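J.:
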DNA sequence: AATTTATTTAGTATTGTGCTAATTATGAAT
DNA sequence: ATTCATAATTAGCACAATACTAAATAAATT
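Chains as they are written, first to last, in this note's numbering: chain A, 232 to 369; chain B, 232 to 369.
1) Pick helix, strand or coil for residue 289 of chain B, following the three-state DSSP scheme.
2) Taking just the CA atoms, how far does residue 264 of chain A sit from residue 374 of chain A?
3) Comparing C-alpha positions only, which one of B:360, B:315 and B:242 sits nearest to residue 270 of chain B?
4) Checking contacts by CB at 7 Å: is residue 344 of chain A closer than that to chain B?
5) Just curious, the beta strand (DSSP E) that residue 339 of chain A is in, first and last residue?
6) By the criterion of Cβ-Cβ separation under 8 Å, what are the contact partners of residue 336 of chain A in chain B?
7) By the three-class DSSP mapping on this structure, what secondary structure does residue 278 of chain A have?
8) Say whether chain A places a C-beta atom closer than 7 Å to the C-beta of residue 328 of chain B.
9) Strictly below 7 Å CB to CB, what residues from chain B border residue 323 of chain A?
10) Considering only the beta carbon of each residue, do residue 328 of chain B and residue 344 of chain A sit closer than 7 Å?
11) Strictly under 7 Å for the Cβ-Cβ distance: is residue 340 of chain A near chain B by that measure?
12) For residue 275 of chain B, which residues from the same chain have a beta carbon less than 7 Å from its beta carbon, with the 5 sequence-adjacent residues on both sides left out?
13) Name the chain B residues that come within less than 9 Å of residue 318 of chain A, Cβ to Cβ?
14) Secondary structure at residue 243 of chain A, three-state DSSP: helix, strand or coil?
15) Buried or exposed: residue 369 of chain A, going by 16 or more other Cβ atoms within 10 Å of its Cβ?
See below:
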């Protein structure tokens with residue numbers, strides 16, 4: 232599995248923003264990224280460069296593309312997020328809070344540690360936000 | 232309830248170390264703290280001063296004492312920790328990993344958000360480590 | 001081609017975390 | 001009570017992460 236834990240929270244947020252855009256027509260531009268993260272473009276570029284050093288993306292002339300590793304990280308984090316969030320909401324936590332809290336650990340946990348949770352939760356297809364939980368397991 | 236979220240992870244770790252010692256006979260010395268946190272004494276002192284600025288402890292001549300607010304924070308974090316950890320272990324996560332993961336959020340969540348969890352978990356008296364979960368609720 | 005918009009570079013700042021070396025204070029032993 | 005050892009504190013430094021502005025360069029649009 233992926234070797235998470237080598238990301239900071241902001242790097243994680245950045246990766247998620249990029250990954251979430253990935254389905255769209257055109258590659259993400261730096262300016263879009265800086266807007267969605269609410270930071271100035273030099274700050275965004277700094278983040279992008281750090282993720283590039285970690286081989287999670289490539290960027291040229293403002294176009295940002297995830298590498299295979301980047302996509303894999305992104306999907307794993309998203310999946311972790313949804314499972315953790317589902318668990319917390321299942322146990323009575325407010326959705327907004329569960330989401331914020333999950334953001335602080337979804338990029339720290341490796342997927343296998345969470346796989347049992349997924350099963351015990353009844354392999355939910357959707358997270359509380361209604362988005363589909365992609366399945367890489369089996 | 233307590234106004235958490237104003238702590239960094241290291242400040243949290245520091246507060247926990249101090250709180251865990253609190254039951255002992257003598258106040259914690261700086262040198263003990265630095266040993267238990269695996270940092271040099273000037274670094275430990277720096278942490279102590281920051282927690283002091285946040286009114287969570289007082290220190291004089293190397294003796295460190297939690298304030299009322301500090302104790303309250305400490306207990307709340309410990310309780311949050313145990314509940315989160317219990318939930319994760321209940322859902323199949325390895326205890327060690329659940330503990331490490333919980334450490335990253337126990338100081339960020341306010342207690343009320345977690346109270347439902349406590350109830351749904353059947354108001355467990357002990358966490359997976361076997362320590363008693365103190366009850367401030369009711 | 002001129003203008004607007006976007007990217008990048010350069011330089012600066014703050015916060016958190018950590019260190020070493022030196023100084024001061026405290027406590028114990030002779 | 002003076003010396004010795006231990007602990008606490010100060011001062012100074014360093015680095016990574018995060019963020020900014022202003023200026024320079026590149027790209028795209030009119």
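Just so you know, even glycine gets a beta-carbon here, dropped at the ideal spot from N, CA and C. Please read all numbers here as calculations on a predicted model, not as lab measurements.
T.: In this structure, then:
1) Reduced to three states, the DSSP call for residue 289 of chain B is strand.
2) Given that chain A is displayed from residue 232 to residue 369, the structure contains no residue 374 of chain A and the question cannot be resolved.
3) B:242
4) yes
5) Per DSSP, residue 339 of chain A belongs to no beta strand (DSSP E) and is neither H nor E.
6) 332, 335 and 336
7) helix
8) yes
9) 347, 348 and 351
10) When the beta-carbon positions are compared, residue 328 of chain B and residue 344 of chain A come within less than 7 Å of each other.
11) yes
12) 261, 264, 265 and 268
13) Result: 318, 319 and 322.
14) For residue 243 of chain A, the secondary structure class from DSSP, reduced to helix, strand or coil, is helix.
15) With a pLDDT of 38 at residue 369 of chain A, under the threshold of 50, the modelled position of that residue is not reliable, and the figure given next carries that caveat. Counting Cβ neighbours within 10 Å, residue 369 of chain A comes out exposed, since fewer than 16 surround it.
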